[in-house]
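K.L.:
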Amino acid sequence: MFNFKELFTGIILIFILGIAGFLYRNAMEQPILNVPKSTACTLEVKKCPDGTFVGRTGSSCRFSTCPVMNTELKDIGVSFVLPKGFKSIATSSPKNESAGIVYEATLAKEDSSTQNITLRVYPLSEKNTAKDIMLGETVFDSTGLSPQSMNDFKKVTIGANTFEEITIGSSKKYMHVAYFLLRKNDVLRFDIKESGEVNASDISAMRTLLQTLQISKN
């Protein structure tokens, strides 16, 4: 005798297997959901002016900020260690057409207004060479005159860079020294001025800054 119960069970089993197969195939054909991927930064490190190193962190894998005393002026590709007791007091883009200054930053001693360091950037051009800038923008404090030739400058190597150094003013109670550094597209100028009782160790603050100076080739 024909067993309808077994037939019905078989039909149900085939139906279940069909549904299961359909669901499996549908799941396999669906696109994988966009699961956020964790960012794995490279092991690249950056050396800070003070000699410490920082790595890349965060979702954008940017370099971590260097320790506090390291100063980075990204607009002009310059970084250095602030001399002890100094702080940044002004940064600007004066765009002085007569001098051609495109950037200026001033540092001063926190406990005194008698000493400051100024950084200026002069762009190079066919009509404004490094020599033109150094001779034309240097004015001796005592005479108001500019140097006649590059013989008034002295090459000095400080840290990784070679500068053109010139004493603009000097006395028992005053000191003004400038350092020029040539890059591909501009000239960097660092001035240190000290008034009052001039102390040789205070003047060395400039050398401390230049010793740690890091620059892009621009």
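Residue numbering for the sequence shown follows this note's numbering, starting at 943 and increasing by one per position.
Glycine included, C-beta positions come from ideal geometry on N, C-alpha and C.
Values in this document were obtained by computation on a predicted structure and should not be read as measured data.
With 16 as the cutoff for other CB atoms within 10 Å, does Cys1003 come out buried or exposed?
P.N.:
Exposed is the call here.
K.L.:
Look at the alpha carbon of Val1063 and the alpha carbon of Cys983, and state the distance between them as a whole number of angstroms.
P.N.:
Roughly 34 Å between the two C-alpha positions.
K.L.:
Assuming Phe1132 and Leu1015 make a contact with CB atoms under 8 Å, what is their CB distance in whole Å?
P.N.:
That pair is no contact at about 12 Å.
K.L.:
How would you call Leu1155, buried or exposed, if buried means at least 16 neighbouring beta carbons within 10 angstroms?
P.N.:
Classification for Leu1155: buried.
K.L.:
What separation, rounded to the nearest whole angstrom, lies between the Cα atoms of Ser938 and Phe1122?
P.N.:
For residue 938 there is no data in the structure shown, the boundaries of the chain being 943 and 1160.
K.L.:
Could you tell me whether the region 1115-1130 touches the region 1074-1082, using the rule of 3 or more Cβ pairs below 8 Å?
P.N.:
Result yes; three or more Cβ-Cβ pairs closer than 8 Å.
K.L.:
Looking at the secondary structure, which residues open and close the beta strand (DSSP E) in which Met1117 lies?
P.N.:
Per DSSP, Met1117 belongs to the beta strand (DSSP E) from 1116-1124.
K.L.:
Could you tell me the alpha carbon to alpha carbon distance between Arg1149 and Val1010, rounded to whole angstroms?
P.N.:
The straight-line gap from Cα to Cα measures roughly 19 Å.
K.L.:
Using C-beta distances below 6 Å, list every residue in its chain close to Leu1151, excluding the 5 sequence neighbours before and after it, in chain order.
P.N.:
So the qualifying residues of the chain are Phe1022, Pro1025.
K.L.:
Can you list, in chain order, the residues of its chain whose CB lies under 6 Å from that of Ala1147, leaving out five sequence neighbours each side?
P.N.:
Only Pro1025 meet the Cβ criterion.
K.L.:
Whose C-alpha, out of Ile1100, Cys990, His1118, is nearest the C-alpha of Asp1083?
P.N.:
The option with the nearest alpha carbon to Asp1083 is His1118.
K.L.:
What three-state label does DSSP hand Asn1069 in the structure shown?
P.N.:
Correcting the residue type first, residue 1069 is Lys in the shown sequence and not Asn. Lys1069 falls in the coil class under three-state DSSP.
K.L.:
For Gln1057 and Thr1104, what's the separation of their Cα atoms in angstroms?
P.N.:
Between Gln1057 and Thr1104, the C-alpha separation is close to 24 Å.
K.L.:
Could you pull out every residue in the same chain whose Cβ sits closer than 7 Å to the Cβ of Thr1080, ignoring the five residues on either side in sequence?
P.N.:
Around Thr1080: Ser1088, Pro1089, Ile1108, Ile1110, Ala1120.
K.L.:
Once DSSP output is grouped into helix, strand and coil, what is the label at Gly1019?
P.N.:
Gly1019 falls in the coil class under three-state DSSP.
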